[in-house]
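Per our numbering, residue 12 is the first one in the sequence shown, and the count goes up by one each step.
Note that beta-carbon positions come from the ideal geometry of N, C-alpha and C, so glycine has one too.
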Amino acid sequence: MKGLAGFAALVGLWELLRSAHVLPPGSAPASVDIARALGNPDLPGATAGTLIAWAAGLLLAASIGIPLGVLLGLSRWVDAALTATVDFLRPIPAVALIPVAVVVIGLGAGMQALLVGFACLWPLLISTRFGVRDVDPLLTETGRVLGARGLRLAATVTVPAALPSIRTGLRTAASLGLVVAVATELATGSPGLGWFIAQQQQAGQIPAAYAGIVVAGLLGYLVHLVTS
12 MKGLAGFAAL VGLWELLRSA HVLPPGSAPA SVDIARALGN PDLPGATAGT
62 LIAWAAGLLL AASIGIPLGV LLGLSRWVDA ALTATVDFLR PIPAVALIPV
112 AVVVIGLGAG MQALLVGFAC LWPLLISTRF GVRDVDPLLT ETGRVLGARG
162 LRLAATVTVP AALPSIRTGL RTAASLGLVV AVATELATGS PGLGWFIAQQ
212 QQAGQIPAAY AGIVVAGLLG YLVHLVTS
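Right, dumping it as structure tokens:
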């Protein structure tokens with residue numbers, strides 16, 4: 012209920028600013044017009060396109076970032092060998108790689124998923140690494156006493172104990188991946204919410220453009236709920 016109250020307050024503020032002409036009428040449609048535009052027949056397909064690229068990129072990042080994070084957390088030698096590379100690549104914004112990705116891979120869902128995966132990789136890797144490092148040594152020693160070694164120890168003791176940290180990384184990665192997916196669509200014209208918003212804006216269909224923004228926000232909220 013608190014969330015709905017906040018949303019209602021936001022809608023009320025929007026209408027108040029419109030009525031006071033603080034927001035230009037031509038670029039700030041009425042809430043009811045935005046609500047009607049949510050029925051745009053192209054919106055479901057655009058939403059599906061964004062979700063597919065987001066899910067593919069997040070899955071790619073998880074399949075690499077979590078195992079590699081476990082390895083970095085368990086092995087000081089591997090961590091020392093790869094830390095400089097990770098620290099170099101991690102600050103690079105995924106959207107800055109769009110020109111390179113277009114040249115190397117070409118436009119399409121694969122390029123978009125790869126950029127989403129690049130953005131999602133680092134929160135997952137770093138959170139997993141620190142989660143593994145912070146596992147209580149007593150748990151590890153107990154596992155060894157019970158006969159667990161190597162991969163079995165990691166699978167039955169280390170990774171389960173590190174799950175809270177991994178979930179934190181997943182929550183961050185999932186939200187970030189959605190932002191990158193929409194931004195990539197805006198920049199490259201890949202099918203999805205970003206391109207839908209740009210198309211509607213260029214066509215002068217401002218309520219529909221805002222409807223795309225609303226759907227993107229709702230997706231972000233749902234992603235947060237699912238990963239919390």
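So, for residue i: in the same chain, excluding its five sequence neighbours on each side, which residues have a beta-carbon less than 8 Å away from its beta-carbon?
i: R47; result: P218
i: G8; result: With the chain covering only 12 through 239, there is no way to say anything about residue 8.
i: I45; result: P218, Y221, A222, V225
i: L118; result: T199, G200, S201
i: S86; result: none
i: T151; result: L164, V168, T169
Could you check what DSSP says for residue i in three-state terms: helix, strand or coil?
i: L49; result: coil
i: P102; result: coil
i: A214; result: coil
i: V33; result: coil
i: G231; result: helix
i: V168; result: helix
i: A41; result: coil
i: R160; result: coil
i: P148; result: helix
i: S86; result: coil
i: L27; result: helix
i: I116; result: coil
i: G60; result: helix
i: G200; result: coil
i: S239; result: coil
Return the CA-CA distance between residue i and residue j, expressed in angstroms with no decimal places.
i: I137; j: G80; result: 6 Å
i: V170; j: L125; result: 26 Å
i: P134; j: H32; result: 42 Å
i: G60; j: L71; result: 17 Å
i: Q216; j: S201; result: 19 Å
i: V237; j: G231; result: 10 Å
i: V43; j: A194; result: 27 Å
i: P40; j: I116; result: 39 Å
i: A112; j: A19; result: 41 Å
i: T94; j: L15; result: 44 Å
i: L69; j: V22; result: 32 Å
i: Q211; j: A91; result: 49 Å
i: G17; j: T96; result: 43 Å
i: A173; j: P36; result: 52 Å
i: A107; j: L157; result: 49 Å
i: R101; j: T139; result: 15 Å
Can you name, in chain order, every residue of its own chain whose Cβ lies under 7 Å from the Cβ of residue i, other than the five neighbours on each side?
i: I75; result: L132
i: V242; result: An answer regarding residue 242 cannot be provided, because it is not within the stretch 12 to 239 covered by the chain.
i: V89; result: L82, L83
i: L34; result: L28
i: W25; result: S42
i: D53; result: F207
Among the candidates the options, whose CA atom is the shortest distance from the CA of residue i?
i: A64; options: G205, D98, L100; result: G205
i: T58; options: G228, T238, V97, F99; result: G228
i: A120; options: A165, L83, L34, V191; result: V191
i: D147; options: A165, T195, L135, A130; result: A165
i: I77; options: G200, P175, V43; result: P175
i: G142; options: L108, G180, R163, Q123; result: G180
i: L62; options: Q211, E196, A209, Q213; result: E196
i: N51; options: I208, E152, T238; result: I208
i: P312; options: A214, G203, Q210, Q211; result: Not covered by the structure: residue 312. The range shown for the chain is 12 to 239.
i: A214; options: L28, S38, L21, A19; result: S38
i: P104; options: Q211, V114, G128, A91; result: G128
i: I109; options: D98, A130, F99, V97; result: A130
i: D145; options: I177, R182, L49; result: I177
Among residues of its own chain, excluding the 5 on either side of residue i, which ones have a beta-carbon nearer than 6 Å to its beta-carbon?
i: A67; result: A124
For the ligand SAH, is there a heavy atom less than 6 Å away from the beta-carbon of residue i?
i: A66; result: Ligands are entirely absent from the displayed structure, and the ligand SAH is therefore not among its contents.
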